[in-house]
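Just add 328 to wherever you are in the sequence shown, counting from 1, and you've got the working numbering. Glycine included, C-beta positions come from ideal geometry on N, C-alpha and C. All figures in this text were calculated on a predicted structure; none of them were measured in a lab.
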Amino acid sequence: DHMGRISLDTAVQFIKKLNPGLKTNKIELKFKELQRSKDKPDTEITKIEFIEVFHELCTRPEIYFLLVQFSSNKEFLDTKDLMMFLEAEQGMAHVTEKISLDIIHKYEPSKEGQERGWLSIDGFTNYLTSPECHIFDPEHK
C-alpha cells in the first residue's frame with residue numbers, strides 16, 4: 329500500500345515464491361513471533377519486518393559462517409576480504425583487487441555495496457551459488 333505495508337498473506341506468498349522449499353506455516357509463525365516480540369499484533373507487514381523475516385528464513389548458515397570468518401566479523405566482505413577468500417577457499421591464484429571489484433559489481437544487489445566495494449550476505453550468496461563459482465568441472469555437465 330501507500331504506507332509501505334503489505335498483508336501477512338502477501339508477505340508469506342512472496343517469501344514462498346523466493347524460497348519454494350519453505351513451508352507456509354513456518355513463514356507465518358516467523359512473522360507472528362516477530363510481531364509478538366514487538367508487541368504489535370497486526371495483519372500488515374512493514375518492509376523492515378519483511379526483510380528481517382526473509383533474512384532469518386533464507387540465509388544459509390554455512391554461507392553466513394564463511395562471510396563472518398573472512399570479514400573479521402563485519403556484515404560484508406570488502407575487496408581485500410574477498411581476495412583472501414578467493415585465494416584460500418577457492419584456490420584461485422593471482423587474485424587482484426580488480427577481480428574482487430568485478431565480482432562485487434556483478435553479484436552485489438545493493439547500490440551502496442557496489443559503490444563502496446562491499447559484498448553483503450546476499451551478494452556473497454549470489455556469487456557462491458552462481459555458475460561462475462560452481463564447484464564442479466563444467467566439462468562434466
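| Check | Outcome |
| --- | --- |
| Nearest-angstrom Cα distance between residue 434 and residue 417? | 20 Å |
| For residue 466, I'd like the list of residues in its chain whose CB is within less than 7 Å of its CB, leaving aside the five on either flank, ordered along the chain. | At residue 466, the pLDDT of 45 sits below 50, so the modelled position is not reliable; the number obtained from the coordinates is stated separately. Hits under 7 Å: none found. |
| Roughly how many whole angstroms lie between the Cα atoms of residue 336 and residue 370? | 8 Å |
| Go ahead and pull the three-state DSSP assignment for residue 350. | coil |
| By a C-beta neighbour count over all protein chains shown, 10 Å radius and 16 as the cutoff for buried, is residue 343 buried or exposed? | buried |
| Helix, strand or coil: how does DSSP classify residue 335 here? | strand |
| Can you give me the C-alpha to C-alpha distance between residue 440 and residue 446, rounded to a whole angstrom? | 8 Å |
| How long is the line joining the alpha carbons of residue 350 and residue 407, rounded to whole angstroms? | 33 Å |
| In the DSSP assignment, find the beta strand (DSSP E) that holds residue 372 and state where it starts and stops. | 372-374 |
| To which residues of the same chain is residue 338 closer than 6 Å at the C-beta, ignoring the five residues directly before and after it? | none |
| For the 8 Å Cβ check, are there 3 or more pairs between the region 353-363 and the region 392-404? | no |
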